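Report on the following structure.
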Amino acid sequence: MLDKDSLEMLPKDSDSFLWTDFVELRALIHPDHCFSRGDLAAISTRWIDIHDLEDSNEDFVETNSIHTRRKKRGLDVRKRWREIANFAIMRQAEFLDFYPFRLSDDEDTLLYELDKISHAKYLYLGLLIASCMRHIPRNRQGEVAKLFEQTCFVIFSCLMPTGSEIRATWANGGPEATYKGTLYEKMQEIAKDIRCTANFEPRDFKENDRGDGGIDLIAWHPMADNRESIPIAFAQCGCSKDDWNFKQLEASYSKHSTNLPVRHPWATYYFLPLDLRWPDGDWAYKSDIGQAIIVDRLRLLRLASQYKIHDQLPVMPFIDEIRAFRYG
């Protein structure tokens, strides 16, 4: 279920939330159910050794010693681990009983609490894994993404007013996805449901495009009549650590209002499994957040607990598969 080669690749970005995810995943699959600063140092050393081998056929100036090259490439393990430990401490404080890991007393090891898995902690593991797509083989990524979308559907439904109609529009179907056919046909049905006159023609879409047009979830409240001007919400879901900054607006009014000219802008949601926060708890990359309501890992877990819907969420078989996976 996991790509072993990728587990030897350290995160390319410096963000603490990504590094802590990496360490949590490695603790989850470690034979001893933990991951230490020493383990991180060992991976860093192996990574440098691999690149030294790649350079073995290159010419270097005599003064460019192996030590200098290794130091330049190397990771400041002590500093990086301190950042990871601090972020894990922050997660323990914020996620509370949802968090299935803990730091050792000397803060040198992250421990996976194998025997204390609740529904909330189980969901945390599912969101953690969905955030680590680079470690999932390509032929399994669709499965993980689909189950994340289905989880978002349940939580999105809870956020809508009582009496709302909620639909999924994702391309790969399912019982929640009632819109069928080409994208043009789906958009026509959406226009009818949100009570507007569709402003597009078949030639405005790629022929035989059966995708979702950037809209994963839709909700509207009928308001007890058949007139226009009703509450509407569109949502998009995504697991990518890089694409969220533009995908958050895929379901936005600014993108679709020309085709779907309703009387007022709808609410736009973006769901992602990342814990999109800086160590102080504020949004990470706040300047990249547009006119969308971001629902990240912390909000997903708190909302699932608030609405008491863990038994309504889809089963994620890949969690147990990865829990049984061992890699030291």
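Numbers 150 to 477, taken from our numbering, label the letters of the sequence shown in order. For each residue, glycine too, the CB sits at the ideal point set by N, CA and C. This one's a predicted model, so the numbers in the text were calculated from it and none came from an experiment.
- Of A433, D424, E399 and Y434, the smallest CA-CA separation from Y418 is found for E399.
- Counting only runs of 3 or more residues that sit fully inside the segment 361 to 386, the beta strand (DSSP E) segments are 366 to 369 and 381 to 386, in chain order.
- With contact defined as three or more Cβ pairs closer than 8 Å, the segment 283 to 293 and the segment 150 to 168 are in contact.
- A contact is defined here as three or more CB-CB pairs under 8 Å, and the segment 360 to 367 meets this definition with respect to the segment 379 to 394.
- If one requires a minimum length of 3 residues, the beta strand (DSSP E) runs lying completely within the segment 252 to 305 are 258 to 261, in chain order.
- Beta-bridge pairing by DSSP links W432 to R426.
- P371 and T311 have their C-alpha atoms some 11 Å from each other.
- Judged by DSSP in its simplified three-state form, E314 adopts strand.
- With distances taken between CA atoms, G360 lies nearest to G330 out of S185, G330 and E243.
- For T417, no alpha helix (DSSP H) segment is defined; the enclosing uninterrupted segment is the beta strand (DSSP E) at A416 to F420.
- With contacts defined by Cβ atoms closer than 7 Å, E377 and R344 form a contacting pair.
- The segment 252 to 261 makes no contact with the segment 425 to 434; the number of CB pairs closer than 8 Å stays below 3.
- Within the DSSP secondary-structure output, C183 pairs in a beta bridge with L260.
- Taking every protein chain shown into account, the CB of W415 has 16 or more other CB atoms within 10 angstroms, so this residue is buried.
- Apart from the 5 residues on each side of it in sequence, S406 sits with its Cβ closer than 8 Å to the Cβ of P414 in its chain, given in chain order.
- Residue pairing by DSSP places V444 opposite F420 in a beta bridge.
- Bounds of any alpha helix (DSSP H) do not take in L462, whose DSSP letter is neither H nor E.
- Look at the beta carbons and you see the segment 452 to 465 not touching the segment 160 to 170: under three pairs across the two are nearer than 8 Å.
- Comparing C-alpha distances from S389 to each of K265, F297 and F247 shows the shortest one belongs to F297.
- A269 and L450 do touch by the CB rule: their CB atoms are close to 6 Å apart, below 8 Å.
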